[in-house]
Amino acid sequence: MSGSDIRDVTLVEAVNMAIAWEMEHDENVVVLGEDIATNGGVFRATVGLKDRFGFKRVMDTPLAENLIAGTAIGMATQGLRPVAEFQFMGFIYSAMEQIVSHASRMRNRTRGRLSCPLVYRAPFGGGIHAPEHHSESTEALFAHIPGLRVVIPSSPQRAYGLLLAAIRNPDPVVFLEPKRIYRAVTQSVENNGEALPLDTCFTLREGSDVTLISWGASIMETLEAADALAEQGMSAEVIDLGTISPLDRETLLCSVTKTGRAVIVHEACRNGGVGAEVAASIAEGAYLELKAPVIRVTGYDTVMPYYRNEQAYLPQTDDIVEAAKRVIAL
Amino acid sequence: MKYFKLPDLGEGLPEAEIVEWHVQVGDTVDVDQVLVSVETAKAIVEVPSPEAGTVAKRFGEPGDIIHTGEPLMAYEGEGDDSGTVVGELKRADAQTRKDSFIVGAAESSKRARANRASYRTRSLPDAEPLRGTRRTMAKNMAASHAQVVPVSIFEDVDIGDWHAGTDITMRLVQGMASACETSPVMNSWFDGETLSRRLKDEVHIGIAVDTPEGLFVPVLRDVNHRTMEDLRTGLQNLHDAVATRKIPPAEMQGATITLSNFGTMTGQYASPIVSPPQVAIIGAGSIREKVVVHKGKPAVRRVLPLSVTFDHRAATGGEASRFLGALIEALGKP
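One line per chain: the protein sequences are A and B, in this order.
The first sequence runs contiguously to residue 329 in numbering that gives the first Met the number 0.
The second sequence runs contiguously to residue 333 in numbering that gives the first Met the number 0.
1) Taking Ser-99 of chain B as the reference, give the member of A:Glu-220, A:Phe-201, A:Gly-125 with the closest Cα.
2) Could you name the residues of chain B that Gln-156 of chain A contacts, counting a contact when the two beta carbons are closer than 7 Å?
3) Could you tell me the distance, in whole angstroms, from the CA atom of Arg-260 of chain A to the CA atom of Pro-292 of chain A?
4) Quick check on the DSSP output: the alpha helix (DSSP H) that includes Trp-20 of chain A runs from which residue to which?
5) If you draw a straight line from the C-alpha of Lys-294 of chain B to the C-alpha of Gly-253 of chain B, how long is it?
6) The alpha helix (DSSP H) with Arg-301 of chain B in it runs from where to where?
7) Counting only beta-carbon separations shorter than 7 Å, does Lys-109 of chain B have a partner in chain A?
8) Report the rounded CA-to-CA distance for Leu-234 of chain B versus Glu-212 of chain B, giving the unit in angstroms.
9) Would you list the one or two residues that DSSP bridges to Leu-70 of chain B?
10) With a cut-off of 7 Å, does the C-beta of Ile-65 of chain B fall near any C-beta of chain A?
11) Helix, strand or coil, according to DSSP, for Cys-268 of chain A in the structure here?
12) From what residue to what residue does the alpha helix (DSSP H) around Glu-131 of chain A run?
13) What does Ala-55 of chain B touch in chain A if you count any residue whose Cβ is under 7 Å from its own?
14) Between which two residues does the alpha helix (DSSP H) carrying Pro-47 of chain B extend?
15) Express the C-alpha separation of Leu-175 of chain A and Val-149 of chain A in angstroms, rounding to a whole number.
16) Name, please, each residue of chain B whose Cβ falls closer than 7 Å to the Cβ of Leu-203 of chain A.
17) Based on the DSSP output, what are the partners of Trp-20 of chain B in its beta bridges?
18) Quick one: what does DSSP say Leu-329 of chain A is sitting in, helix, strand or coil?
19) Using 7 Å as the limit for Cβ to Cβ distance, is Arg-115 of chain B near chain A?
20) Using a threshold of 7 Å, state whether the C-beta atoms of Ile-17 of chain B and Arg-244 of chain B are closer than that.
21) Can you grab the Cα-Cα spacing for the pair Ser-177 of chain B / Pro-13 of chain B, in whole Å?
22) Arg-96 of chain B to Gln-186 of chain A, Cα distance in whole Å?
23) Using a beta-carbon distance cut-off of less than 7 Å, what residues from the stretch 194-217 of chain B approach chain A?
24) What would DSSP say about Arg-6 of chain A, mapped onto helix, strand or coil?
25) For a quick check, are the C-beta atoms of Ala-298 of chain B and Phe-309 of chain B less than 7 Å apart?
26) Could you name the residues of the stretch 166-198 of chain B whose beta carbon sits closer than 7 Å to any beta carbon of chain A, in the order they occur along the chain?
27) With a threshold of 7 Å between beta-carbons, can Thr-242 of chain A be considered close to chain B, or not?
28) Based on Cα-Cα distance, which residue from B:Val-35, B:His-311, B:Ile-327, B:Phe-58 lies nearest to Gly-174 of chain B?
29) When you compare only the Cα positions, how much space is there between Lys-89 of chain B and Gly-76 of chain B?
30) Using a C-beta cutoff of 7 Å, does Ser-187 of chain A count as contacting chain B?
31) Starting from Pro-155 of chain A, trace the beta strand (DSSP E) in both directions and tell me its first and last residue.
32) Quick one: is His-203 of chain B buried, meaning 16 or more other Cβ sit within 10 Å of its Cβ, or exposed?
33) Cβ of Arg-120 of chain A within 7 Å of Cβ of Thr-9 of chain A?
34) Return no unless some Cβ of chain B is closer than 7 Å to the Cβ of Thr-9 of chain A.
35) Using the beta-carbon count (16 or more within 10 Å), is Ser-195 of chain B buried or exposed?
36) Buried or exposed: which applies to Glu-45 of chain B, given that a residue is buried once 16 or more other Cβ atoms fall within 10 Å of its Cβ?
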C-alpha cells in the first residue's frame, strides 16, 4: 500500500481517517447522514470528506432516521458499501424497523442472494453534558438481534482498525462510538488501511487476580481502576469486548479461568444489559474456575439523567476498584 | 522491548512447537542468525533473526506451542514488532503514544484455560497432549471422517509374471498414473462446500510414510511425465527428507491422489482414509503366494492385494471400479 503515514489522532479523527482511507481505496464506499457532508457532522467525524470525494459519495440526508437506514439498505443490497451516520444513538429508534426487520435479515430472507454490507455509525453514551436522548447506551437492543454485528471501539487505534473491518464486512454492522472519549486521548495511528479483526475481544492489560471486562468509554475508568488496584498490590486483567455481538466468549473464559474472578463494567443500565450475557457466558463456561460470583458495575435502571447528575449515574473508577476488592477478598 | 512475533511459517499453519533455542537471553544476534528451531505440523523450521540486536526475552521453552502472531522473542530496546512496523515511532507530544493491546486472550490466559483442572479431570487422567505430526494426523483424519463419503473396493492382482527385483512402489505409482487416465475423476480435487471439482492433468501422488512421530505424506510429483529412474530418485529423496525431519512443508502439499503401501508390514486389505480435497486413496497390502487359477489351471502365484477407497460424493462406483481394473491391468504385466 502506498501513502501510509503515521498521525497523532483522537478517536473521532481515527474514524474520519478510516472512512477516508476506505473511500480512497473502494469506490463503492459512500457516506450519508444528517449534516455530514457540508457541515462535516455533529462531531466532525466526516469533516473534509465531501471536499475530497464529492457530494455524490458524501450525502446530506433529511432529518429522517428511518430514511437513512432504509436508503443504506437499498444501496448495500445493490453493491455499494454505505456508511450511514446517526447523529446520536438516541435518535436511532425510528430506524429500528429498517435495521431490525430488513438490514439484519436480508441475507437470511433472500437465502444468501442479497447481502447487506453496510455500517450504521452512531455516537453513544453519556458524559458530555448533553440533553435528553443524547446520552443513551442502548447497545443491548442491537446485540439481541441476530444478523447484526455490534462493534464498539475504545481507542483511536481500535476505532481505525475496527471501522475498516466493519466497512469491509459483508453483513450489517452497528458501529457505536463512545463520544465521551472522542477526544480524550491522542494516539499514534498508522494510516495504512490495516483492519483489526471483528468478533474478538482485546486484552488491554494482563493480570492475575481479577478480570475487569468493559467496552466503550468505560474502558477509561476500568484502566484507571486497574492502575489503582496495582498500587494496592492487586493484579487486574482488563478486557475490552470490542465486538459485543457476536461475543468472543473464548477470550473471556480464558481470562476468567486464569483469574477466577470477573467484574463487568458498563455504562448502560443493568437490567438485560450486555453485562448479563457476559456473566451468563462465564457462569456456563468457567463455573468450576470461579472463586467468586461474577459481579457488575453499571449505570442505574433509569433514564440517563441530565448533566448535573450524570456523574452519579456513570460507573466511577472507585466503584470498579471497590467491586474488584470485594471479589478478591471473597 | 522490541517483540518478534512468530511469523507465518507458510501455508497458514496456525502454531508451532518450540524444539530448541539457539540463543540465550543476553546474546547478541545478527540478522538471519538462527534463533530457534520450531516444529510445525509439517516440519522442523529454523527461524532466523529479522534484525541485529540483543536477546532480552524468550517466550516459551522447548515443548511449548506458540501460535502465529504471538511473541516469540524480544530484543532489547524500544519499538514494536520488528516484522510489522517500519521505522521508529516519533512522538511530538509526550502524551501521544501508540496503542498496545493483545487481540484476543493473553498467552497466560490461554495456558490457564488449556490446563484447567476441571478440564483435565473430565478428560483422560494423566494424558499427554499430542504434538506435531501426530496432532496433525488426528485433526486431518477427523476432518476427513466428518466430510468424506468413503466407499472401498478390494481386488487381488496376479503379479506372478513380474521379473525378479521389480520395484513394487514404482510399479504402483506408474500403474496409478495410467489408471487415472482411465478414470480422470479419481485424480481430481473436490470441494464439498461449493460442490465443485477440478480434474487435474498432472498426477501428484502422496506417499504415506510411517514414522515414530506419526504419519507423513510427501508428494511425488508429475508421475505421468517422468522416467522410472527419475521417480525412484525423487522418492528416495523424499524418504530421506522425512527420515531427517527436514522436509519442507511445500513438499507435502498438492497431492492429487494418495498411495498407502503397507505391504511391507502386515495386512492385506484396508479402507484407508481419503484426504480432502483428494478423491481417492490406494492401499497396497502384503504380497503373498496364493493358489489361483492361472491359464485355466490351479497354480501357486504371487498376488498383490489392492484396496481403493474413494469419495462417493465426487466419483461413481463405476469410475472407481474402472480405475481399479486399469490399475490391475497395468500391474499384471511383466
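Where is the CB? At the ideal position from N, CA and C, for every residue including glycine.
Taking the structure as given:
1) Cα-wise, what sits closest to Ser-99 of chain B is A:Phe-201.
2) The contacting residues are Asp-98.
3) Cα to Cα, the separation comes out at about 7 Å.
4) 10-24 is the span of the alpha helix (DSSP H), which, as asked, contains Trp-20 of chain A.
5) The straight-line gap separating the alpha-carbon atoms of Lys-294 of chain B and Gly-253 of chain B is approximately 42 Å.
6) Following the DSSP letters along the chain, one finds Arg-301 of chain B in no alpha helix (DSSP H) but inside the beta strand (DSSP E) bounded by residues 296-310.
7) Judged by the 7 Å Cβ criterion, Lys-109 of chain B is in contact with chain A.
8) Separation of Leu-234 of chain B and Glu-212 of chain B (C-alpha to C-alpha, rounded to the nearest whole angstrom) is 20 Å.
9) The question names Leu, but residue 70 of chain B in the sequence shown is Pro. Its beta-bridge partners are B:Lys-4.
10) Chain A has no Cβ within less than 7 Å of the Cβ of Ile-65 of chain B.
11) Here Cys-268 of chain A sits in strand by DSSP.
12) Note, Glu-131 of chain A: premise wrong, no alpha helix (DSSP H); not H, not E.
13) Going along chain A, no residue has its Cβ under 7 Å from Ala-55 of chain B, so there is no contact; the nearest lies around 17 Å.
14) Run containing Pro-47 of chain B: none in the alpha helix (DSSP H); it sits in the beta strand (DSSP E), 43-47.
15) When rounded, the distance between both Cα atoms is 7 Å.
16) Per Cβ cutoff of 7 Å: Phe-100.
17) The partner list for Trp-20 of chain B (beta bridge, DSSP) reads B:Val-35.
18) If DSSP states are grouped into helix, strand and coil, Leu-329 of chain A belongs with coil.
19) Closer than 7 Å: yes.
20) Between Ile-17 of chain B and Arg-244 of chain B, the C-beta spacing is not below 7 Å.
21) When rounded, the distance between both Cα atoms is 37 Å.
22) Here the alpha carbon of Arg-96 of chain B sits roughly 5 Å from the alpha carbon of Gln-186 of chain A.
23) Going along the stretch 194-217 of chain B in chain order, one finds no residue with a Cβ nearer than 7 Å to chain A.
24) Note: Arg-6 of chain A maps to strand in three-state DSSP.
25) The Cβ-Cβ distance between Ala-298 of chain B and Phe-309 of chain B does not fall below 7 Å.
26) So nothing in the stretch comes that close.
27) It does not; no Cβ of chain B falls within 7 Å.
28) Cα-wise, what sits closest to Gly-174 of chain B is B:Ile-327.
29) Confidence at Lys-89 of chain B is low in this model, with a pLDDT of 32, below 50, so its placement is unreliable and the value that follows should be read with caution. As the crow flies, the alpha-carbon of Lys-89 of chain B is around 15 Å from that of Gly-76 of chain B.
30) The C-beta of Ser-187 of chain A comes closer than 7 Å to at least one C-beta of chain B.
31) Per DSSP, Pro-155 of chain A lies in no beta strand (DSSP E); the unbroken alpha helix (DSSP H) holding it starts and ends at 155-167.
32) With 16 or more Cβ atoms within 10 Å of its Cβ, His-203 of chain B is classed as buried.
33) It is not a contact, given that the beta carbons lie outside the stated cut-off.
34) Answer no: the Cβ-Cβ gap between Thr-9 of chain A and chain B never drops below 7 Å.
35) With fewer than 16 other Cβ atoms within 10 Å, it is exposed.
36) Burial state of Glu-45 of chain B is exposed, judged by a 10 Å Cβ sphere holding fewer than 16 other Cβ atoms.
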